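Everything below concerns the one structure shown next.
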Amino acid sequence: MKGGAMRILATGLLCAALAAPALAAQPQAEVNAALRGDAQIYNGLFAMAVGDQIRRNCDTIDARMVRAITFARSLERRARSLGFTEVQVRAFLDSREEKDRMRAQVERYFAQNGVRSGEPETYCVLGRAEIARGSQAGSLLRTR
């Protein structure tokens with residue numbers, strides 16, 4: 033590597049090293065807002081939440097667990113690539129406020145798609161539709 037390229041690489045690494053503590057020092061509310069604002073992360077978590085509720089409420093649909101775990105790890109890698117620490121990501125996922133926000137969004141989605149609490153077949157109908165559409169939630173599910 034030539035001297036100029038080495039200096040550019042070293043400068044980039046130094047900037048990254050200096051930025052990491054600044055991100056780690058962010059208040060958790062700012063971290064949560066940033067992670068929630070990242071479409072790839074939030075839409076992925078939404079798909080996982082939809083799929084999880086479908087599989088829990090429909091006896092004829094199971095999770096594709098390996099695929100779900102792999103997908104969850106990809107979301108974590110995305111968050112880490114944005115500079116957030118494992119502790120910050122875990123705090124976001126464990127946040128009661130974020131869980132409540134996601135639950136409300138999932139409930140709205142279910143209501144818009146004819147799912148009714150206490151009526152398992154309505155979850156099954158949506159689950160089969162998600163699988164057939166090849167949606168992100170559907171890709172995490174399989175019929176028995």
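The numbering of the sequence shown is the working numbering, which starts it at 33 and goes up by one.
All residues carry an ideal CB built from backbone N, CA and C; glycine is no exception.
Predicted, not measured: the structure shown is a model, and the values here were computed from it.
Judged by DSSP in its simplified three-state form, T102 adopts helix. For the pair C90 and G159, the CB atoms are nearer than the 8 Å cut-off. N64 is classed as buried because its beta carbon has at least 16 other beta carbons within 10 Å across all chains shown.
Contact check between the segment 71–79 and the segment 160–169: three or more CB pairs, one atom from each, fall below 8 Å, which counts as touching. In this model, E118 and S106 are separated by some 13 Å (Cα to Cα). For L173, the uninterrupted beta strand (DSSP E) run begins and ends at L173 to T175, by DSSP. CA-to-CA, the gap between T92 and R174 works out to about 9 Å. Restricting attention to D84, E62, P59 and Q120, the CA atom closest to the CA of F142 is found in D84. For the options I73, I86 and I101, the alpha carbon positioned closest to that of E151 is the one of I86. With a cutoff of 8 Å on beta-carbon distance, L67 and F103 are scored as not near each other.
Taking 8 Å as the upper bound for CB-CB distance, L172 and R110 are not in contact here, some 16 Å apart. Taking E162 as the centre and dropping the five residues before and after it, the same chain places the C-beta of A169 and G170 closer than 6 Å to its C-beta, in chain order. When DSSP states are grouped into helix, strand and coil, D84 belongs to the helix group.
Residue pairing for A95: DSSP places it in a beta bridge opposite L173.
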